[in-house]
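If you're matching them up, the sequences are chains A and B in order.
Numbering-wise, the first sequence is residues 609 to 722 according to our numbering.
Numbering-wise, the second sequence is residues 11 to 124 according to our numbering.
For reference, the structure discussed in these notes is given below.
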Amino acid sequence: AQSVTQLGSHVSVSEGALVLLRCNYSSSVPPYLFWYVQYPNQGLQLLLKYTSAATLVKGINGFEAEFKKSETSFHLTKPSAHMSDAAEYFCAVSSTFGNEKLTFGTGTRLTIIP
Amino acid sequence: GAGVSQSPSNKVTEKGKDVELRCDPISGHTALYWYRQRLGQGLEFLIYFQGNSAPDKSGLPSDRFSAERTGESVSTLTIQRTQQEDSAVYLCASSLASVGGKAFFGQGTRLTVV
């Protein structure tokens, strides 16, 4: 069984400030972890994914996430927020063993304050 | 096709009527998911198909909801006797395999029950 918890359904940051979106997972086997982004009026698209090659994963648009096994976390960060980062972000987990489905968190809506 | 295609893109129906939503996954993708996204809320898992295995129907909210998929082709999600709380965007996604597989999402079907 696996699950994802995203802390904070809404996060607001000032333009230029650090973005930190939190994701904690639960998995009985080593996981694959993903961040997806949904821009307004658009479909979901993959931002980045962790597949055990490296604990720090870089994605598109300057985002990165670090896999911390000891904390069962996969938080998403960006050093300097841009107005175009306003979107909804979803963390997801799947198992590395067998055909486990992709399980999503409930999402975090990021608002950028000018 | 080049991406996951969903039809119709918008559907307005009267309460009590049945609706059928269609998803054309990317050719060759063995895994197919249906999710629901209510206004202002996160992704709600509905059902998951993986190849010829029995589908995971654990997310279907009631027996009014059902979904079919023949092999690795088109899937249809049927909602019988629609209720106003069924109003949402219904998203379909497919991937080559759920193990580390990147999921590609369709644009969704916006269902409004009046």
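Note that CB positions come from ideal geometry on N, CA and C, so glycine has one too.
As the structure is a computational prediction, the values presented were derived from the model and not from experiment.
Query	Result
How big is the Cα-Cα spacing for Asn632/A and Ser703/A?	15 Å
Is the CB of Thr714/A under 8 Å away from at least one CB in chain B?	yes
Between which two residues does the beta strand (DSSP E) harbouring Gln16/B extend?	Ser15 to Ser17
How would you call Arg91/B, buried or exposed, if buried means at least 16 neighbouring beta carbons within 10 angstroms?	exposed
Using a Cβ-Cβ cut-off of 7 Å (strictly less than) and excluding sequence neighbours within five positions of Ala694/A, which residues of its own chain qualify?	Leu718, Thr719 and Ile720
Here's a check: name, in chain order, each residue in its chain whose Cβ is nearer than 6 Å to the Cβ of Gly670/A, leaving out the five neighbours to either side.	Lys686
Residues of chain B with a CB under 9 Å from the CB of Phe698/A: which are they?	Gly52 and Leu53
Hey, Cys33/B and Gln51/B are a contact pair by Cβ (cut 8 Å); roughly how many whole angstroms apart?	Going by Cβ atoms, the distance from Cys33/B to Gln51/B rounds to 21 Å, so no, they are not a contact pair.
Do three or more CB pairs link the region 658-673 of chain A to the region 611-620 of chain A at distances below 8 Å?	no
Let me make sure I understand the geometry here. Which of Gln94/B, Leu56/B and Glu95/B has the alpha-carbon closest to that of Glu78/B?	Leu56/B
Hey, out of Val665/A, Gly651/A and Asn649/A, whose CA is closest to Pro681/A's CA?	Residue identity check: residue 681/A is Ser in the sequence provided, not Pro. Checked all of Val665/A, Gly651/A and Asn649/A; the closest Cα to Ser681/A is Val665/A.
Once the 5 residues before and after Phe59/B are set aside, which same chain residues still bring their CB inside 6 Å of it?	Leu42, Pro65 and Arg79
Roughly how many angstroms lie between the CA atoms of Pro722/A and Ser688/A, to the nearest whole one?	13 Å
As a quick exercise: from Gly651/A, Leu684/A, Val701/A and Glu674/A, pick the residue whose alpha carbon is nearest that of Thr663/A.	Glu674/A
Can you check DSSP and say which residues form a bridge with Thr80/B?	Per DSSP, none; premise fails for Thr80/B.
Identify, in the order they occur along the chain, each residue of the same chain with its Cβ nearer than 7 Å to the Cβ of Ser620/A, setting aside the five sequence neighbours on each side.	Thr719 and Ile721
If I measure Cβ to Cβ from Asn62/B and keep anything under 8 Å in the same chain, skipping five residues before and after, which residues do I get?	Gly81
Of the residues that make up the region 61-82 of chain B, which ones have a beta carbon closer than 8 Å to any beta carbon in chain A?	Gly61, Ser63 and Asp66
For Leu641/A, collect the residues of the same chain with a Cβ closer than 6 Å to its Cβ; drop the 5 residues on either side in sequence, then sort them by chain order.	Tyr658, Phe682 and Val701
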